[in-house]
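Counting from 21, one number per residue, gives the positions in the sequence shown under our numbering.
One structure below.
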Amino acid sequence: MGYLNNAESRKEHPNQNWARELLELYTLGPGHYSEADILEAARAFTGWTVRLKGGLNPREADANVPWEFTVRPAWHDPGPKTFLGQRVEGGEEVLEVLIAHPQTYRFLSRKLLRFYLSPEPPEAMVEEGARVLRSEGTRGFLRWLFTHEAFYHPSFRNSLIKGPLEYLVGLLYAAGIRELPADSSLGKGVYQALAAMGQIPFDPPTVAGWEGGPAWLAETPYLARLNLISAVANQEKSLDLSVFMEGGKVLADLVKPEAQLL
21 MGYLNNAESR KEHPNQNWAR ELLELYTLGP GHYSEADILE AARAFTGWTV
71 RLKGGLNPRE ADANVPWEFT VRPAWHDPGP KTFLGQRVEG GEEVLEVLIA
121 HPQTYRFLSR KLLRFYLSPE PPEAMVEEGA RVLRSEGTRG FLRWLFTHEA
171 FYHPSFRNSL IKGPLEYLVG LLYAAGIREL PADSSLGKGV YQALAAMGQI
221 PFDPPTVAGW EGGPAWLAET PYLARLNLIS AVANQEKSLD LSVFMEGGKV
271 LADLVKPEAQ LL
């Protein structure tokens with residue numbers, strides 16, 4: 021609501037940012053809606069905003085008081101709207117239309133497959149995954165994917181590149197490090213390492229998040245990744261770097277903690 025300016029969206033001047041990104045990045049994907057759909061959705065979402073929890077005055081409340089969602093009826097455009105060919109009035113109805121739309125499940129299926137399987141998942145799996153996602157939900161989708169023979173096919177092995185934060189957590193796990201004191205030399209270097217690798221937590225460059233994929237292995241972030249491995253490897257617990265060097269060619273190595281280095 022705040023990041024995409026809907027917190028200030030009123031019937032006199034509907035802000036389209038939240039509606040546009042909802043359709044483009046989180047549900048249908050590009051090419052499956054019109055500019056008119058964006059405007060109508062923006063009108064439906066007018067009045068959706070945030071306030072300090074409990075309705076506290078921002079000028080008087082403690083800085084740690086969280087924000088919460090709220091609706092201001094006086095800001096809402098009550099007029100009739102047509103979204104994706106259907107009559108809607110409020111934001112809830114827009115969400116219901118999107119939840120019922122088949123393209124939403126294709127879009128989410130593709131995103132999940134890109135995250136867990138391959139940057140370019142087979143179209144047949146995208147369609148099958150969409151059907152599973154719609155009928156069985158996210159838990160059913162993951163069960164279907166992780167038991168699918170394609171998930172273990174050699175052609176998909178080592179096809180994904182971990183982001184810096186995921187890689188860091190796996191690296192610490194591989195080294196047997198379960199706590200990271202902020203005043204330790206390694207603890208002090210973690211933030212700088214993440215910054216050098218291009219992923220500071222909770223600070224993405226755009227609303228779409230980080231580009232990911234091969235971008236993580238550009239020269240500067242890749243060098244920072246190698247330096248991080250070296251720093252962790254110099255801790256008290258030694259790492260079996262052969263697993264990293266061999267790229268997980270031996271299946272038995274994939275169950276070792278050091279497999280997190282891959």
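All C-beta atoms in this analysis are idealised placements derived from N, C-alpha and C, irrespective of residue type, glycine included.
Just so you know, these numbers come straight off a predicted model, no measurement behind them.
Check whether the Cβ atoms of residue i and residue j lie closer than 8 Å to each other.
| i | j | result |
| --- | --- | --- |
| R92 | G74 | no |
| L237 | I181 | yes |
| I58 | L48 | no |
| A72 | A62 | Per the sequence shown, residue 72 should be read as Leu rather than Ala. Cβ distance not < 8 Å, so L72 and A62 don't count as in contact. |
| L185 | A251 | no |
| L132 | G149 | yes |
| P139 | G233 | yes |
| Y125 | L153 | yes |
| V117 | F103 | yes |
| A64 | E113 | yes |
| V227 | Y23 | yes |
Residue i by DSSP, collapsed to three states: which one?
| i | result |
| --- | --- |
| V227 | coil |
| K101 | strand |
| Q212 | helix |
| R198 | coil |
| Q123 | helix |
| R30 | strand |
| N25 | coil |
| G51 | coil |
| N37 | helix |
| N247 | helix |
| G111 | helix |
| L153 | helix |
| P93 | helix |
| R177 | coil |
| R79 | coil |
| G232 | coil |
| L188 | helix |
| P241 | helix |
With burial defined as no fewer than 16 other Cβ atoms inside 10 Å of the residue's Cβ, what is the status of residue i: buried or exposed?
| i | result |
| --- | --- |
| F89 | exposed |
| L271 | Confidence is the limiting factor: at L271 the pLDDT is only 49, short of 50, which leaves the residue's position unreliable and the question unanswerable from this model. |
| D97 | buried |
| V275 | Note on V275: pLDDT 48, under 50, position unreliable in the model; no value is reported. |
| V108 | buried |
| R79 | exposed |
| L200 | exposed |
| V189 | exposed |
Since residue i sits in a beta bridge, which residues does DSSP pair it with?
| i | result |
| --- | --- |
| R71 | E88 |
| Q106 | F103 |
Would you mind giving the Cβ-Cβ distance between residue i and residue j, rounded to the nearest angstrom? I have them listed as a contact below 8 Å.
| i | j | result |
| --- | --- | --- |
| N25 | T69 | Actually they do not touch by this definition, with Cβ atoms about 10 Å apart. |
| H173 | Q123 | With a Cβ gap of about 27 Å, H173 and Q123 do not count as contacting. |
| A244 | A213 | 6 Å |
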